[in-house]
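Residue numbers (my numbering): 22 to 247.
The C-beta atom is built at its ideal place from N, Cα and C for all residues, glycine as well.
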Amino acid sequence: MSVDRVFSPEELKALETPLADRIAAAIDAGRYEEAKALARQMEEESPPIIYILEEWVTALLSYIGRSQGDEALVEALRHSANTWMRPMHDGLLKLDFRGQVEGFAAIFRAHTGRGLRVEEDDEKVTLFLDPCGSGGRMVKGGYFGPPKDLLQVQKAQGITFGREGFPSYCTHCAVVHHIMPIEWAGAPLPPIEVGSGPGDPCKWHFYKDRAAIPARFYAQVGKEKK
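Structure follows, in structure tokens:
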């Protein structure tokens, strides 16, 4: 290899190859320890990309809220929800109950990792995010205090699930999973029981009968169950 080159051709090929393909190739070749190491590498590489985007979004929400107030923050959340969440919402409603649960579990495995716990009872399946890999992670990490000082919405209102001092990032959960799904189709998707912080995780409830969703999940965002 030339002294002016840093990487070998094999190393360059490895850099451009998706880890899933490298894992499959290692398994096919019987290199099982290498496959396990690559699986761990894949798990370590993915979350930081999500974290950067979450912090970027929260910084934007913080700027909007501080410079233009809560009403502008609500409008920004509603506008963006119509763009990205409405198609997803409509697609989710076409899935059966199992498909909805499996779809959200896939999202949270990527974003919460080993913090995800799933339980089922006669009326629902609950996904426990302990901790949530986005808002919960930022709260636990002190992102809403110095030096980052990301915005906490001080006034209790629909986008804060009726709480004061609510993390601005988490307001999207109220909008895209409660407020707008109720307006679009009459029910939260899914109803979220917001935790109080570390040790009390957020719970995402999937009711087997949507008509059985308790009225409190509507009331906490300023809506009425009809």
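Our two residues, Gly163 and Asp25, have alpha carbons roughly 44 Å apart in a direct line. Judged by their CB atoms, Thr192 and Ile203 are not nearer to each other than the 8 Å cut-off.
Pairing Leu114 with Ala206 gives a Cβ-Cβ distance under 8 Å. The criterion of a C-beta distance shorter than 8 Å is satisfied by Arg43 and Ala35. For Tyr228, DSSP records a beta bridge to Lys145. Around the beta-carbon of Arg61, fewer than 16 other beta-carbon atoms lie within 10 Å, marking it exposed. For Arg107, the enclosing alpha helix (DSSP H) starts and ends at Arg107 to Leu114. Checking the DSSP bridge columns, you'll see Val139 partnered with Leu148.
Check the Cα spacing between Gln175 and each of Gly90, Trp105, Thr133 and His226: the tightest is with Gly90. The beta carbon of Glu55 is closer than 7 Å to those of Ala47 in its chain, skipping five residues each way along the sequence.
One Cα belongs to Asp151, the other to Leu98, and the distance between them is close to 25 Å.
In the DSSP assignment, Ala97 falls within the alpha helix (DSSP H) that extends over Asp91 to Ser101. Here the C-alpha atom of Ser155 lies approximately 27 Å from the C-alpha atom of Ala236. Residue burial annotation: Leu94 is buried, with at least 16 other C-beta atoms found within 10 angstroms of its C-beta. In the structure shown, the three-state DSSP call for Asp117 is coil. Residue burial is scored here from C-beta neighbours: Leu137 has at least 16 other C-beta atoms within 10 angstroms and is therefore classed as buried.
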